[in-house]
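**Q**
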Amino acid sequence: MTADMILNVFDWAGVFVFALSGGLMAVRQRFDILGVIIIAWLPAIGGGTLRDLILDVPVFWLSDPTGLWLATLAGIAAFFGPAFWARIRALVWVDAMGLALFAVVGASKAAELGHGFLICTLMGAVTATAGGLLRDVVCNETPLLLREEIYATAAIFGAAGYFLAHTYGVSELGALSLGAIVAFVIRALSLKFKLNLPRANFER
Numbered sequence: 005m006t007a008d009m010i011l012n013v014f015d016w017a018g019v020f021v022f023a024l025s026g027g028l029m030a031v032r033q034r035f036d037i038l039g040v041i042i043i044a045w046l047p048a049i050g051g052g053t054l055r056d057l058i059l060d061v062p063v064f065w066l067s068d069p070t071g072l073w074l075a076t077l078a079g080i081a082a083f084f085g086p087a088f089w090a091r092i093r094a095l096v097w098v099d100a101m102g103l104a105l106f107a108v109v110g111a112s113k114a115a116e117l118g119h120g121f122l123i124c125t126l127m128g129a130v131t132a133t134a135g136g137l138l139r140d141v142v143c144n145e146t147p148l149l150l151r152e153e154i155y156a157t158a159a160i161f162g163a164a165g166y167f168l169a170h171t172y173g174v175s176e177l178g179a180l181s182l183g184a185i186v187a188f189v190i191r192a193l194s195l196k197f198k199l200n201l202p203r204a205n206f207e208r
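Per my numbering, the sequence shown starts with residue 5, numbered consecutively.
Below is the structure:
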């Protein structure tokens, strides 16, 4: 497998699972099938679109519509199979998988352009969180990004893990896998043990 193909597999997997999280949220709110598909698109392509605009490169789904087709398929799967996904408590865990995959994909695409640690980490976080933010706002949900649970922090650590592994000569597959595992484990631990970042304690 070439490096580009490995990156595409991670990207497509992230598109599918994030789209599934959007579709499930729309099903839960009783949207029609078109609404489910549209909401599925938001987390699937929103973060990557913003990343590409910031990096001043062609938006990924304009040159390769595979992501749109995968997001549509995930929306349809959510619409016709909500009971199946509910049995595995899909929403938060699917979202965690999407977060992990998109964090490393965003960091990798910035690294390809020669950017350093800070920009790669930031692009990983943007790719992983911006689309989910759009999904939550449109569905009138409190955005995961703004809740107490550790969310964007997991994406930041995952993207940083990818960059460091990549910098020190780990293969592309190894670096992507390592970063994704770091992001997913941090997010999973925060869900399991209700971990939060410290908050300011200020009283007037």
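Where a beta carbon is used, it is the ideal one built from N, C-alpha and C, also for glycine. These numbers were taken from a predicted model, which means no experiment stands behind them.
Spatial neighbours of arginine 139 within its chain, please: C-beta separation below 7 Å, excluding the five flanking residues on both sides.
**A** If we look at arginine 139 and ignore the five residues flanking it on each side, its Cβ neighbours are Gly26, Met29, Ile43, Leu46, Pro47.
**Q** Closest to phenylalanine 106 by C-alpha separation, out of Leu201, Tyr166, Pro202, Lys198, would be which residue?
**A** Among Leu201, Tyr166, Pro202, Lys198, the Cα nearest to that of phenylalanine 106 is on Tyr166.
**Q** Could you tell me the boundaries of the alpha helix (DSSP H) in which cysteine 143 lies?
**A** That residue, cysteine 143, is in no alpha helix (DSSP H); it is neither H nor E in DSSP.
**Q** For the stretch 184-195 and the stretch 106-117, state whether three or more C-beta atom pairs, one from each stretch, are separated by less than 8 Å.
**A** They touch, by the three-pair rule.
**Q** Please go through the same chain and pick out, in chain order, the residues whose beta-carbon is closer than 8 Å to the beta-carbon of glycine 178, but skip the five residues on each side of it.
**A** These residues qualify, in order along the chain: Ala169.
**Q** So, is phenylalanine 88 buried or exposed, given that buried needs 16 or more other C-beta atoms within 10 angstroms?
**A** With fewer than 16 Cβ atoms within 10 Å of its Cβ, phenylalanine 88 is classed as exposed.
**Q** Tell me the DSSP secondary structure of asparagine 205 in three-state form.
**A** Residue state, collapsed to three classes: coil.
**Q** Between the beta-carbon of leucine 11 and the beta-carbon of serine 112, is there less than 9 Å?
**A** Result yes, Cβ atoms of leucine 11 and serine 112 sit closer than 9 Å.
**Q** Could you please give the first and the last residue of the uninterrupted alpha helix (DSSP H) stretch that includes lysine 198?
**A** No alpha helix (DSSP H) holds lysine 198; DSSP gives it neither H nor E.
**Q** Check this for me: beta carbons of leucine 24 and isoleucine 49, under 9 Å apart or not?
**A** No; because the gap between Cβ atoms is not below 9 Å, this pair is not in contact.
**Q** Since I believe leucine 59 is in contact with leucine 117 (beta carbons under 8 Å), could you give me their beta-carbon distance rounded to a whole number of angstroms?
**A** 6 Å between Cβ atoms; contact.
**Q** DSSP state of phenylalanine 35, grouped into three classes?
**A** DSSP places phenylalanine 35 in coil when its eight states are reduced to three.
**Q** By DSSP, does leucine 180 sit in helix, in strand, or in coil?
**A** Leucine 180: helix per DSSP, three-state reduction.
**Q** DSSP three-state label for aspartate 68, please.
**A** Aspartate 68 falls in the coil class under three-state DSSP.
**Q** Does DSSP classify histidine 170 as helix, strand or coil?
**A** The answer is helix: DSSP assigns histidine 170 an H, G or I state.
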